[in-house]
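K.L.:
Note that our numbering has the sequence shown beginning at 354, numbered continuously upward.
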Amino acid sequence: MPLIDTHTHLDFDPFDADRGEVLARCASAGVERILALGVHQSNWERVWQMALDEPAVYAALGLHPVFLQDHRAEHIDALREWLQRLRGEDKLCAIGEIGLDYYIEDPDKERQQQLLGAQLALAGEFELPVLLHVRRAHAQMIAMLKRHKLKRTGIAHAFSGSWEEAREYIKLGYKLGLGGAGTWPQAHRMHRVLQQLPLDSIVLETDAPDITPHSHAGQRNSPEFLPDICRELAQLRGISPEVLADASYRNSCELFGWAHAG
354 MPLIDTHTHL DFDPFDADRG EVLARCASAG VERILALGVH QSNWERVWQM
404 ALDEPAVYAA LGLHPVFLQD HRAEHIDALR EWLQRLRGED KLCAIGEIGL
454 DYYIEDPDKE RQQQLLGAQL ALAGEFELPV LLHVRRAHAQ MIAMLKRHKL
504 KRTGIAHAFS GSWEEAREYI KLGYKLGLGG AGTWPQAHRM HRVLQQLPLD
554 SIVLETDAPD ITPHSHAGQR NSPEFLPDIC RELAQLRGIS PEVLADASYR
604 NSCELFGWAH AG
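(1) Would you kindly work out how many angstroms separate the C-alpha atoms of GLY535 and ALA519, rounded to a whole number?
(2) Report all residues from its chain with a CB closer than 8 Å to the CB of ARG542; omit the five preceding and five following residues, and keep chain order.
(3) Once DSSP output is grouped into helix, strand and coil, what is the label at ARG520?
(4) Alpha carbons only, please: which of PHE365, ALA370 and GLU374 is nearest the one belonging to GLU577?
(5) Taking the alpha carbon of ILE564 as the reference point, which residue from HIS510, VAL419, ASN604 and PHE609 has its own alpha carbon closest?
(6) With distances taken from CA atoms, which of LEU421, THR506 and GLY441 is nearest PHE465?
(7) Using CA coordinates, which residue listed in MET354, VAL419 and LEU473 is at the minimum distance from ILE495?
(8) Here's a check: name, in chain order, each residue in its chain whose Cβ is nearer than 6 Å to the Cβ of GLN548, leaving out the five neighbours to either side.
(9) What is the residue span of the alpha helix (DSSP H) that LYS444 lies within?
(10) Our contact map puts LEU390 next to LEU484 with C-beta atoms below 8 Å; I'd like the distance itself, whole angstroms only.
(11) Tell me whether GLU450 sits in a helix, a strand or coil according to DSSP, three-state version.
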């Protein structure tokens, strides 16, 4: 059951002690590709080097809204320089993690929107998909995506919104990233939305080391848990894990421009 983990932070400190072992277990579990996402300028080099060193790892680079206090205007110029230098590199697959987070305390919404708008413009300029972080900001995000009209779209990561919000992303051509949050028994709205989502809109993710699935409660999340997430979500959807895995794999390959063997 081949799988692609479309969202991880494999470069983060919790993996420093056993990253190689994690990647080996992922390979054994059928997790063929793993996306590692940049979140601020200081971790781009680490993410990119990991992608170069590890055959299964692919990179995205971006400026995350939660780290807004760390970002400077010149970091957008730095991101453009990175994208220019890496243009055409197979291991660079997207701009991300970028987005809007209105859940944090006292969010600077205007500056978040400016930062996101600048990165959406870069996505248009370099024709790269975007990996979107959205918390309590779906209406604003959808409005901005409608304005930017990217040729290549992206993923609304860790989607936990309503069916109406899901439908708006799908209309715009975006995929919805589903992971561990939807496996918890109390996630009733997510379970209802999952029942309605067309299979061609779903991609699977872990967000490791965060958002651990119910089956691994209390543990550090890891991309090696993606098969378990797939099985749990497939059961909630009423389909086989193989059907969900294949849909996610195909959708991911379509988005990132990768060949699909099936």
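Glycine included, every Cβ here is placed at the ideal spot set by N, Cα and C.
P.N.:
Based on what the coordinates show:
(1) In the sequence shown, counting from the first residue as 1, residue 535 sits at position 182. In the sequence shown, counting from the first residue as 1, residue 519 sits at position 166. Whole-angstrom Cα-Cα distance: 14 Å.
(2) Here residue 542 refers to the residue found at position 189 when the sequence shown is read from its first residue. Same-chain partners within the cutoff: SER513 and SER515.
(3) Here residue 520 corresponds to residue number 167 of the sequence shown, with the count starting at 1. Residue state, collapsed to three classes: helix.
(4) To locate residue 577, count along the sequence shown from 1; it is residue 224. Nearest option by C-alpha distance: GLU374.
(5) Position 211 of the sequence shown, counting from 1, holds the residue named residue 564. If we check each option's Cα against that of ILE564, HIS510 comes out closest.
(6) Locating residue 465 in the sequence shown gives position 112, where the first residue counts as 1. Per the sequence presented here, residue 465 reads as Gln, with Phe not at that position. Ranking LEU421, THR506 and GLY441 by Cα distance to GLN465 puts LEU421 first.
(7) As a working note, residue 495 is residue 142 in the sequence shown. That would be LEU473, whose Cα lies nearest to the Cα of ILE495.
(8) For this step, residue 548 is matched to residue 195 along the sequence shown. Hits under 6 Å: none found.
(9) Counting from 1 along the sequence shown, the entry for residue 444 is found at position 91. It is not in any alpha helix (DSSP H) - LYS444 carries neither H nor E in the DSSP assignment.
(10) Against the sequence shown, residue 390 aligns to sequence position 37. Against the sequence shown, residue 484 aligns to sequence position 131. Confirmed, about 6 Å.
(11) Translated into positions along the sequence shown, residue 450 becomes position 97. It is a strand residue.
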